[in-house]
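Visitor: These protein sequence lines are chains V and A, in that order. Going by my numbering, the first sequence wraps up at 380, each residue one higher than the last. Going by my numbering, the second sequence wraps up at 760, each residue one higher than the last.
There are 2 protein chains.
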Amino acid sequence: MNFNIEALKMHEDNRGKIAIKSKIELKTKDDLSTAYTPGVAEPCRKIHENPDDVYKYTSKGNLVAVVSDGSAVLGLGNIGPKAAIPVMEGKCILFKEFGDVDAFPICLDTQDTEEIIKAVKQLAPVFGGINLEDISAPRCFEIEKRLIEELDIPVFHDDQHGTAVVVLAALINSLKLRKSDITDIECVINGAGAAGIAICKLLQSAGIKNVILCDTKGAISKNRTDLNSAKAAMAEITNVNGESGTLADVIKGKDLFIGVSAADMLSKDMVKSMNNPIIFAMANPTPEILPQDALDAGAFIVGTGRSDFDNQINNVLVFPGLFRAVLDLRLKAFTEEIKIAAAKAIASVVKDEELSKTYILPSSLDRSVVPAIVEAIKAL
Amino acid sequence: MNFNIEALKMHEDNRGKIAIKSKIELKTKDDLSTAYTPGVAEPCRKIHENPDDVYKYTSKGNLVAVVSDGSAVLGLGNIGPKAAIPVMEGKCILFKEFGDVDAFPICLDTQDTEEIIKAVKQLAPVFGGINLEDISAPRCFEIEKRLIEELDIPVFHDDQHGTAVVVLAALINSLKLRKSDITDIECVINGAGAAGIAICKLLQSAGIKNVILCDTKGAISKNRTDLNSAKAAMAEITNVNGESGTLADVIKGKDLFIGVSAADMLSKDMVKSMNNPIIFAMANPTPEILPQDALDAGAFIVGTGRSDFDNQINNVLVFPGLFRAVLDLRLKAFTEEIKIAAAKAIASVVKDEELSKTYILPSSLDRSVVPAIVEAIKAL
Numbered sequence: 001m002n003f004n005i006e007a008l009k010m011h012e013d014n015r016g017k018i019a020i021k022s023k024i025e026l027k028t029k030d031d032l033s034t035a036y037t038p039g040v041a042e043p044c045r046k047i048h049e050n051p052d053d054v055y056k057y058t059s060k061g062n063l064v065a066v067v068s069d070g071s072a073v074l075g076l077g078n079i080g081p082k083a084a085i086p087v088m089e090g091k092c093i094l095f096k097e098f099g100d101v102d103a104f105p106i107c108l109d110t111q112d113t114e115e116i117i118k119a120v121k122q123l124a125p126v127f128g129g130i131n132l133e134d135i136s137a138p139r140c141f142e143i144e145k146r147l148i149e150e151l152d153i154p155v156f157h158d159d160q161h162g163t164a165v166v167v168l169a170a171l172i173n174s175l176k177l178r179k180s181d182i183t184d185i186e187c188v189i190n191g192a193g194a195a196g197i198a199i200c201k202l203l204q205s206a207g208i209k210n211v212i213l214c215d216t217k218g219a220i221s222k223n224r225t226d227l228n229s230a231k232a233a234m235a236e237i238t239n240v241n242g243e244s245g246t247l248a249d250v251i252k253g254k255d256l257f258i259g260v261s262a263a264d265m266l267s268k269d270m271v272k273s274m275n276n277p278i279i280f281a282m283a284n285p286t287p288e289i290l291p292q293d294a295l296d297a298g299a300f301i302v303g304t305g306r307s308d309f310d311n312q313i314n315n316v317l318v319f320p321g322l323f324r325a326v327l328d329l330r331l332k333a334f335t336e337e338i339k340i341a342a343a344k345a346i347a348s349v350v351k352d353e354e355l356s357k358t359y360i361l362p363s364s365l366d367r368s369v370v371p372a373i374v375e376a377i378k379a380l
Numbered sequence: 381m382n383f384n385i386e387a388l389k390m391h392e393d394n395r396g397k398i399a400i401k402s403k404i405e406l407k408t409k410d411d412l413s414t415a416y417t418p419g420v421a422e423p424c425r426k427i428h429e430n431p432d433d434v435y436k437y438t439s440k441g442n443l444v445a446v447v448s449d450g451s452a453v454l455g456l457g458n459i460g461p462k463a464a465i466p467v468m469e470g471k472c473i474l475f476k477e478f479g480d481v482d483a484f485p486i487c488l489d490t491q492d493t494e495e496i497i498k499a500v501k502q503l504a505p506v507f508g509g510i511n512l513e514d515i516s517a518p519r520c521f522e523i524e525k526r527l528i529e530e531l532d533i534p535v536f537h538d539d540q541h542g543t544a545v546v547v548l549a550a551l552i553n554s555l556k557l558r559k560s561d562i563t564d565i566e567c568v569i570n571g572a573g574a575a576g577i578a579i580c581k582l583l584q585s586a587g588i589k590n591v592i593l594c595d596t597k598g599a600i601s602k603n604r605t606d607l608n609s610a611k612a613a614m615a616e617i618t619n620v621n622g623e624s625g626t627l628a629d630v631i632k633g634k635d636l637f638i639g640v641s642a643a644d645m646l647s648k649d650m651v652k653s654m655n656n657p658i659i660f661a662m663a664n665p666t667p668e669i670l671p672q673d674a675l676d677a678g679a680f681i682v683g684t685g686r687s688d689f690d691n692q693i694n695n696v697l698v699f700p701g702l703f704r705a706v707l708d709l710r711l712k713a714f715t716e717e718i719k720i721a722a723a724k725a726i727a728s729v730v731k732d733e734e735l736s737k738t739y740i741l742p743s744s745l746d747r748s749v750v751p752a753i754v755e756a757i758k759a760l
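(1) So V/T286 is in the alpha helix (DSSP H); what residue range does that whole segment cover?
(2) How would you label A/V754, buried or exposed, when you count the other beta carbons within 10 angstroms and need 16 or more for buried?
(3) Could you give the distance in angstroms between the alpha-carbon of A/A713 and the alpha-carbon of A/I528?
(4) Spatial neighbours of A/V546 within its chain, please: CB distance less than 6 Å, with the 5 preceding and 5 following residues excluded, ordered by chain position.
(5) Out of V/K176, V/L177 and V/K254, which has the shortest C-alpha to C-alpha gap to V/V213?
(6) Which word fits V/E288, buried or exposed, when buried means at least 16 other C-beta atoms lie within 10 angstroms of its C-beta?
(7) Establish whether the CB of A/T715 and some CB of chain V are separated by less than 8 Å.
(8) Going by DSSP, what residue range makes up the alpha helix (DSSP H) through A/D393?
(9) Just grab the DSSP bridge partners of A/I486 for me.
(10) Could you tell me which of V/I346, V/D328 and V/F309 sits nearest to V/G61, measuring between CA atoms?
(11) Less than 8 Å between the CB atoms is what I'm expecting for V/G90 and A/A415, so what's the real figure, rounded?
(12) Looking at A/F521: is its Cβ nearer than 8 Å to the Cβ of A/A610?
(13) Since A/A574 and A/G683 are thought to touch, with beta carbons under 8 Å apart, how far apart are those beta carbons, to the nearest angstrom?
(14) Do we get a CB-CB distance below 8 Å when we pair A/K712 with the residues of chain C?
(15) Bridge partners of V/E97, per DSSP?
(16) So, with DSSP's three-state summary, where would you put A/T626?
(17) Would you mind reading off the limits of the alpha helix (DSSP H) that contains V/A19?
(18) Rounded to a whole number of angstroms, what is the C-alpha to C-alpha distance between V/A72 and V/E115?
(19) Can you give me the start and stop residues for the alpha helix (DSSP H) that A/E422 sits inside?
(20) Sort V/V326, V/V188, V/T163 and V/I208 by Cα distance to V/S180 and report the nearest one.
(21) Measure the CB-CB distance between A/P665 and V/C44 and report whether it falls below 8 Å.
(22) Shorter than 7 Å, the distance from the beta carbon of A/A642 to the closest heavy atom of the ligand MG, or not?
(23) Taking V/A192 as the query, report the chain A residues whose CB atoms sit under 7 Å from its CB, ordered along the chain.
(24) Does the separation of the CB atoms of V/E6 and A/G701 fall below 8 Å?
(25) Decide if V/N50 is buried, meaning its Cβ has at least 16 other Cβ atoms within 10 Å, or exposed.
(26) By Cβ distance, which residues of its chain are closer than 6 Å to A/D482, with the 5 residues on each side in sequence left out?
(27) Going by alpha carbons, who is nearest to A/V651 out of A/I631, A/A663, A/K724 and A/R526?
(28) Taking the CB atoms as reference points, tell me whether A/I398 and V/K23 lie closer together than 8 Å.
(29) On the CB-based measure, 16 or more other CB atoms within 10 Å of its CB, does V/M382 come out buried or exposed?
(30) Taking the runs of the beta strand (DSSP E) that are 3 residues or longer, which of them lie wholly in the region 659 to 718 of chain A?
(31) Can you list the residues of chain V that A/V546 reaches, using a CB-CB cut of under 9 Å?
(32) For the region 644 to 668 of chain A, which residues have a CB atom closer than 9 Å to at least one CB atom of chain V, in sequence order?
(33) Pop quiz: A/K556 and A/L735 are said to be a contact at Cβ under 8 Å. What is the actual Cβ separation, rounded to whole angstroms?
(34) Considering only residues of the same chain and omitting the five flanking positions on each side of V/S364, which have a CB-CB separation below 8 Å?
(35) Looking only at its chain, what residues have a beta carbon closer than 7 Å to the beta carbon of A/A464, apart from the 5 residues adjacent to it on each side?
(36) So, V/I153 versus V/A124, is the Cβ gap smaller than 8 Å?
In structure tokens, the structure reads:
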């Protein structure tokens, strides 16, 4: 199947992917008088008296804005807000299909950090949550941080935390097969953008002691003088042994490689230099190393972002359930505890008897993932 | 039926009125790969190469933002963006039900004119049109004017132009019954806010020569020194005989009263002083005069905004068809010609043999209104 041709046809035939649906019948004059004037004035009055009633009488409690400025879309880069719409609509229908979350695309015609923050705050009244998407680093950190501080609804940058949660889920199951404890393994993450930094932080919260982040210039350490503020902050809390050098230098003897970088960044020789390694090569569309090459070089387990290889590591396993839970429970924040619980829940969907080196994560289509996440977060 | 109680129940039982619907099946891995990664990259690339392809591959062409700041909601006044949501969701489901237009509520947490303009421009990429709603005058004029100038999609303030179109439709049919020509009648409009001014302008475009606008201080004329800029501009182009005084003073001998003001502003004595008058008393929820009182005082025809009296003059007859037409034809502006064509089309839905003093407009539920408007605008 040629997905490019099929995708163009699907998008053109349907004129996009989302529509609005009324939850109310409008067949009689009484229907009109109840859903619209004069009846509608009464829920308005109630909300005016008690703003929290907005969750009772409107769709807010199940509505999520999928917000992008089109600055870092898939592997396509800064293609702007209009060209980003197909991705955001896609995200919205995944939210609906898997989480029964009503998500709407907001593609902003500005790439100014302060303007994005202001615009999202201004349009927040109708939404119960904000999913930030495909906004380039380091702006995405400031935007997420400020919106979390300044809004009274949960805010989540999926490229960071959705990716981190699914990586942790994949790791949990890989370690069961490798019979290793998470506190004993050493990790290199190649790619120090939004996803790399978020993965790093969540793995540390989950117990990994030594993580080395690499960018195109090699290992990030306190000795580097060329780091932006986000990377400099990471230098303070990673790379406990102060290793320096290229990816090839620092990867030697490590147990886990996580790639959120670019095609062909990981060589077979590098894999050979590792310790019975777990390889998550998630660059899209071409991974840092092809799975067969990694296995030939001695990898214990290989996962990628692609659906046509085993072990697809895809955050569609994460965001529908995570938002479903947070909306249902009216939680204000996606804490580390919530993210770790979600990762464990996703991992738990793969039963011990099914778990194998080629099956470490549930299928993207597995309907038991969302309820598992919701139950786990409710139990916290 | 107690619409207040029913409305609370309906809104609470359904948790609001709108949901998102996927137009795409997501049942297989191939579905995911076509609607989302990797396939979705291809429509993104096409739009990046040719921005107009956004109409081909996304939902933009059928998506309308219903934008309010909650500053002038129904008769409730400035209740803010959250309390306005039930009205905006109601508008959205009317758009969907009658026009098959996908409309989404945007309730902005700002009432600053420049900030509203900026916010709407920033969120415009995903939308094919903007419906401004319940924004107080005179800010609404500047906001609409600037957005029309600065956006490449059609912008429409329904409180102004939707109301004007349905009033003109009601007038066209009333004049058939009264056997009068629109160029011969004289009119007083009570209420010089957004709706009053828009009605005035459209009636003039349709041929009425003498319209007098009144505010709470009486007739607006060039002699008044207390007018805001919007009213001062209207003084230049209305009240051809320079009449001054109260509503009671200037209404004498006139043929048409249009009320967009408040309860009980029109007395039976005023009606008696008019010339076989047509009375459109549209204040909500209590009209300027009750229909029976107006008829007792000699009114030829009476219409109100209410569904429980004959001749409901309601802009739900207008906006679904008008947007359906403008979206289908990719028109950039709602011109006077388009608005007059829509009014004539709405009037034409009432067949000559059905037309009577108690049936001058089609029912709000009449499914033939939208196609009639679309056909009329296509024929221009």
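By construction, the Cβ of each residue, glycine as well, lies at the ideal position given by its N, Cα and C atoms.
Guide: Walking through what the data contain:
(1) Position 286 of the first sequence, counted from the first residue, corresponds to residue 286 of chain V. First-last for V/T286: undefined, no H or E at that position.
(2) Counting from one through the second sequence, the residue named residue 754 of chain A turns up at place 374. Burial call: buried.
(3) If you number the second sequence from 1, residue 713 of chain A lands on position 333. If you number the second sequence from 1, residue 528 of chain A lands on position 148. Taking the straight line joining both Cα atoms gives about 8 Å.
(4) Within the second sequence, numbered from 1, the residue matching residue 546 of chain A stands at position 166. Only I693, N695, L697 and V698 meet the Cβ criterion.
(5) Your numbering for residue 213 of chain V matches position 213 in the first sequence. Here the sequence assigns Leu to residue 213 of chain V, which means Val is not the residue at that position. Ranking the options by Cα distance to V/L213, first place goes to V/K254.
(6) Within the first sequence, the letter at position 288 stands for residue 288 of chain V. Flag for V/E288 reads buried.
(7) Along the second sequence, one-based indexing puts residue 715 of chain A at 335. No, its Cβ sits nowhere closer than 8 Å to a Cβ of chain V.
(8) If you number the second sequence from 1, residue 393 of chain A lands on position 13. First-last of the alpha helix (DSSP H) with A/D393: F383 to N394.
(9) Counted from its first residue, the second sequence places residue 486 of chain A at position 106. A/V447, per the DSSP bridge assignment.
(10) Taking the first sequence and counting its residues from 1, the one referred to as residue 61 of chain V is at position 61. The shortest C-alpha separation from V/G61 is found at V/D328.
(11) By 1-based counting over the first sequence, the position of residue 90 of chain V is 90. By 1-based counting over the second sequence, the position of residue 415 of chain A is 35. So it is a contact: roughly 5 Å between Cβ atoms.
(12) Taking the second sequence and counting its residues from 1, the one referred to as residue 521 of chain A is at position 141. Taking the second sequence and counting its residues from 1, the one referred to as residue 610 of chain A is at position 230. Cβ distance < 8 Å, so A/F521 and A/A610 count as in contact.
(13) On the second sequence, residue 574 of chain A is found 194 positions in, with the first residue counted as 1. On the second sequence, residue 683 of chain A is found 303 positions in, with the first residue counted as 1. Their Cβ separation, rounded to whole angstroms, is 20 Å, which puts A/A574 and A/G683 out of contact at 8 Å.
(14) As a matter of chain content, chain C is missing from the structure shown, whose protein chains are V and A.
(15) Within the first sequence, residue 97 of chain V is the residue found at index 97, counting from 1. None; V/E97 has no bridge partner.
(16) On the second sequence, residue 626 of chain A is found 246 positions in, with the first residue counted as 1. Of the three classes helix, strand and coil, the one that applies to A/T626 here is coil, per DSSP.
(17) Stepping through the first sequence from its first residue, residue 19 of chain V is reached at position 19. Careful: V/A19 lies outside any alpha helix (DSSP H), inside the beta strand (DSSP E) at I18 to S22.
(18) The residue given as residue 72 of chain V occupies position 72 in the first sequence. The residue given as residue 115 of chain V occupies position 115 in the first sequence. Each residue's Cα considered, the two are about 17 Å apart.
(19) Locating residue 422 of chain A in the second sequence gives position 42, where the first residue counts as 1. Segment A421 to E429, the alpha helix (DSSP H) holding A/E422.
(20) By 1-based counting over the first sequence, the position of residue 180 of chain V is 180. Of the candidates V/V326, V/V188, V/T163 and V/I208, the one whose C-alpha sits nearest the C-alpha of V/S180 is V/I208.
(21) Indexing the second sequence from 1 puts residue 665 of chain A at position 285. Indexing the first sequence from 1 puts residue 44 of chain V at position 44. No, the pair does not count as a contact, with Cβ atoms beyond the cut-off.
(22) This structure lacks the ligand MG; in fact it carries no ligand of any kind.
(23) Residue 192 of chain V sits at position 192 when you count from the first residue of the first sequence. Result: empty, since nearest Cβ-Cβ is about 22 Å, beyond 7 Å.
(24) Counting from 1 along the first sequence, the entry for residue 6 of chain V is found at position 6. Counting from 1 along the second sequence, the entry for residue 701 of chain A is found at position 321. No, these two residues do not count as a Cβ contact at 8 Å.
(25) Within the first sequence, residue 50 of chain V is the residue found at index 50, counting from 1. Answer is exposed; the Cβ neighbour count stays below 16.
(26) Here residue 482 of chain A refers to the residue found at position 102 of the second sequence. Closer than 6 Å at the Cβ level, and outside the excluded window around A/D482, lie N442 and L443.
(27) Within the second sequence, numbered from 1, the residue matching residue 651 of chain A stands at position 271. Nearest option by C-alpha distance: A/I631.
(28) Against the second sequence, residue 398 of chain A aligns to sequence position 18. Against the first sequence, residue 23 of chain V aligns to sequence position 23. Against a cut-off of 8 Å, the Cβ pair of V/K23 and A/I398 comes out as a contact.
(29) In the structure displayed, chain V extends from 1 to 380; residue 382 of chain V sits before or after that span and is not available.
(30) 681 to 684
(31) Numbered from its first residue, the second sequence carries residue 546 of chain A at position 166. By Cβ distance, chain V contributes nothing, its closest Cβ being about 14 Å from A/V546, past 9 Å.
(32) N664 and P665
(33) In the second sequence, counting from the first residue as 1, residue 556 of chain A sits at position 176. In the second sequence, counting from the first residue as 1, residue 735 of chain A sits at position 355. Their Cβ separation, rounded to whole angstroms, is 6 Å, which keeps A/K556 and A/L735 in contact under 8 Å.
(34) What you label residue 364 of chain V is simply residue 364 of the first sequence in a count that begins at 1. Excluding residues within five positions, the ones whose Cβ falls inside 8 Å are S307, Q312, N314, V316 and L317.
(35) As a working note, residue 464 of chain A is residue 84 in the second sequence. Contacts found: S448, G450, V453, C487 and D514.
(36) In the first sequence, residue 153 of chain V corresponds to position 153, counting from 1. In the first sequence, residue 124 of chain V corresponds to position 124, counting from 1. Contact: yes.
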